[in-house]
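J.: Using the working numbering, the letters of the sequence shown correspond one by one to residues 32 to 580.
Every residue gets a Cβ at the ideal spot worked out from N, C-alpha and C, and that includes glycine.
Every value quoted in this text rests on a predicted model; they were computed, and no experiment measured them.
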Amino acid sequence: MTRNDIETSRIRSTIQTAFYGNNVIKINSIKEAYELAKNSPGTIVTDMDIYKPEEMGLDPETKVLLFNDGLVTGRCAAARKIIGEAGVDSEKYAGIVREAVYHTRHKKMYDAEVYIGLDKDFMVKAHLIIPEGHENILYNWMLNFQAVTETYKKMYQASKEIPNEGDIYIFGDPDWKDENHPLGLTLFDAENNCAALLGMRYFGEFKKGTLTLGWGTANRNGYAACHGGQKKYTLENGESFVVGVFGLSGSGKSTLTHEKHEGKYDIAVLHDDAFVISTENGSSVALEPSYFDKTQDYPAGSPDNKYLLTAQNCGAMINEEGKCVLVTEDIRNGNGRAIKSKLWAPNRVNKFEEPVNAIVWLMKDPTLPPVLKINNSELATVMGATLATKRTTAERLAKGVDLDALVIESYANPFRTYPLGDDYKKYKELFTKNQVACYIFNTGFFMDKKISKEVTIKSLEKIVEGNAAFKPWGNFSDIEILEVEGFIPNMNDKKYVTELLERMEDRITFIESRKIEKEGRDQLPEEATDALKELVKEMKKRKIVFEVA
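Set out below in structure tokens:
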């Protein structure tokens, strides 16, 4: 980023300038960050050892640290403001950021940096500044992303230049309060690679806030931004199969990404939350080394707890041996979290040279059977744009929002700062130019019957092995179904077809609403609506048959 770029963005200039104050202390290593976090008021230093700490740049005696927040234990979408969106006054928010920075002048501030992207094909340097008292956020941030080491410094220096892009700069002040922003404020000036995270103590805001800017950079430079997991299967015949699964927390993306399939395949894992896919050649790069997981999935005694680095919003107790250990179940609060080491997945890689073969949209739409295959690129792309799911405890919802309501979250990525049409274009390119196959997995309920994890995994195995017997679904010309016993839709059931029709019409309503909301910033091409309207047209033909009968 040139000097002129900085000078034309008030917010970027304000945030970046804050890093050079005489109250700012540079943190130069993960060891230094650990010592600060260990001694920060309220930190619980457990008696749980970190596995192979030297591989994380830590000392041999390093322990798992626990830090707990108060009322808030999840992310808050309602607090997000994005410069460039309708109704977001850049001058107003530039003033708010200036005032926020000004009020930290009497505080000791810490400055740290990491890399986003783990291969020389895609690497961006990110900087965080945060006040004394929040050392655990700083330490977790450096653990979650790639801390600057000699190895990665050399990789970054040799990495592909990303033209007209500056480093990412993030200003954080969890102590900030403003009566006009009771939920806090997460402000993104994404075009200028900077953000202000104000009034936010939950670490997930800093993780996803940083990824938000990393994904934005990727989007502007020939990559599809991916909130999901990706793995590679190497089959007995030597052929590989790369699949990406896209969904919100709780959709099964981590479960599917890390499923070992009883050792039937040689598996490599890219990541379970954040990566990018090149639309030029279909290769993929992971954005972060560690894993930010729900601790309730790993009860006391679970072998996975061996790989914990830190924990947030969990209980603690003294065990029979007199040692302080975590209570990983969600007893204290919902959404207890932990950062797990990259060593947790022994088959972990940072890049797939092989092009992606399949994309799976993970949904929780009760009208959809367990597995569908979409054979039309426009329909495949728009079904991702209308990915139907449910909210989770990972989110801090505004008052009155129903956690159980079916919602649409385009491409399972609520962290988009750029127009939705950019994602539409990128994914369509993958389905057309790169010949990527598209599937929909329902990982929730089919009508009133729960779809088990075993059903989903077995279906994925059939697809990977190339022996999934897909059949035409109803009279749809571009959708096939993998019939699963107990979950076969009755297309002669008027009630079912009517509900399915309603859900597809909801998708059309959502796409049409993009023409109006945010002054049309997220408007999609007419072909997207047309692809859904064709489905509805086919369903209405069947409904008319019922009504005539």
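1) Helix, strand or coil for Asn336 per DSSP?
2) By a C-beta neighbour count over all protein chains shown, 10 Å radius and 16 as the cutoff for buried, is Ala189 buried or exposed?
3) Which residue wins for smallest C-alpha separation from Asn473, given the options Leu279, His134, Gly313, Thr412?
4) Go through its chain and collect everything with a Cβ distance to Val274's Cβ below 6 Å, but skip five positions before and after it.
5) So, with DSSP's three-state summary, where would you put Gln47?
6) Pull up the DSSP beta-bridge partners for Asn473, would you.
7) For a minimum of 3 consecutive residues, which ranges assigned as the beta strand (DSSP E) are wholly contained in the region 316-373?
8) Could you tell me the boundaries of the beta strand (DSSP E) in which Arg111 lies?
9) Who pairs with Arg538 in a beta bridge, going by DSSP?
10) With DSSP as the reference, identify every bridge partner of Lys291, one or two as the case may be.
11) For Arg331, count neighbouring C-beta atoms within 10 Å of its own C-beta (all shown protein chains included) and say buried if the count is 16 or more, exposed if not.
12) Can you tell me the Cα-Cα spacing of Tyr458 and Ala416, whole angstroms?
13) Provide the residue(s) that pair with Ala402 in DSSP beta bridges, ordered along the chain.
14) Using a threshold of 8 Å, state whether the C-beta atoms of Phe272 and Val495 are closer than that.
15) Hey, which unbroken runs of the beta strand (DSSP E) at 3 residues or more fall wholly within the region 461-532?
16) Terminal residues of the continuous beta strand (DSSP E) containing Leu244?
17) Would you identify the three-state DSSP class for Lys568, choosing helix, strand or coil?
18) Can you tell me whether DSSP reads Arg16 as helix, strand or coil?
19) Give me the Cα-Cα distance between Leu451 and Val387, rounded to the nearest whole angstrom.
20) Report the partner residues of Ser309 according to the DSSP bridge assignment.
21) Note the first and the last residue of the continuous beta strand (DSSP E) segment covering Val119.
22) Compare the C-alpha of Ile61 against each of Ser44, Val76, Ile42, Glu86 and name the closest.
23) For the beta strand (DSSP E) holding Val413, just list the boundary residues, first then last.
24) CB-CB under 8 Å to Phe541, same chain, minus the five flanking residues each way: which ones, in chain order?
25) Counting Cβ pairs closer than 8 Å, one from the region 183-198 and one from the region 161-168, do we hit at least three?
26) Please determine, among Ala256, Lys371, Gly52, the residue with the shortest C-alpha to C-alpha distance to Asp335.
27) Give the range of the beta strand (DSSP E) segment to which Met79 is assigned.
28) What would DSSP say about Thr217, mapped onto helix, strand or coil?
29) So, under 8 Å CB-CB, Leu563 and Val413 are touching, yes? Tell me the CB distance rounded to an integer number of Å.
30) For Arg545, name the three-state secondary structure that DSSP assigns.
31) Rounding to the nearest angstrom, what Cα-Cα distance links Val380 and Met154 in this structure?
32) Less than 6 Å between C-beta atoms, sequence neighbours within five positions excluded: which residues of the same chain meet that for Thr48?
33) I need the DSSP call for Lys457, collapsed to helix, strand or coil.
34) Bridge partners of Thr420, per DSSP?
35) Which partner residues does Gln261 have in the DSSP bridge list?
T.: In this structure, then:
1) helix
2) exposed
3) Leu279
4) Ala389
5) helix
6) Met394
7) 322-325, 339-343, 346-349, 355-358, 368-371
8) 111-113
9) Paired residues: none, contrary to the question.
10) Partner(s): none; Lys291 has no beta bridge.
11) One detail in the question is off: residue 331 reads as Ala in this sequence, not Arg. By the neighbour-count rule (16 or more Cβ atoms within 10 Å), Ala331 is not buried but exposed.
12) 10 Å
13) First, the residue type needs correcting, since residue 402 is Val and not Ala in the sequence shown. For Val402, which the question treats as bridged, DSSP gives the partners Phe472.
14) yes
15) 468-473, 501-503, 510-513
16) Segment 234-250 is the alpha helix (DSSP H) holding Leu244; no beta strand (DSSP E) there.
17) helix
18) Summary: the structure shown does not reach residue 16, with the chain confined to residues 32 through 580, and so no result is reported for it.
19) 22 Å
20) Tyr254
21) It is not in any beta strand (DSSP E) - Val119 carries neither H nor E in the DSSP assignment.
22) Glu86
23) Careful: Val413 lies outside any beta strand (DSSP E), inside the alpha helix (DSSP H) at 408-416.
24) Thr417, Ile439
25) no
26) Lys371
27) 75-80
28) strand
29) 6 Å
30) coil
31) 15 Å
32) none
33) helix
34) Val438
35) Gly275, His302
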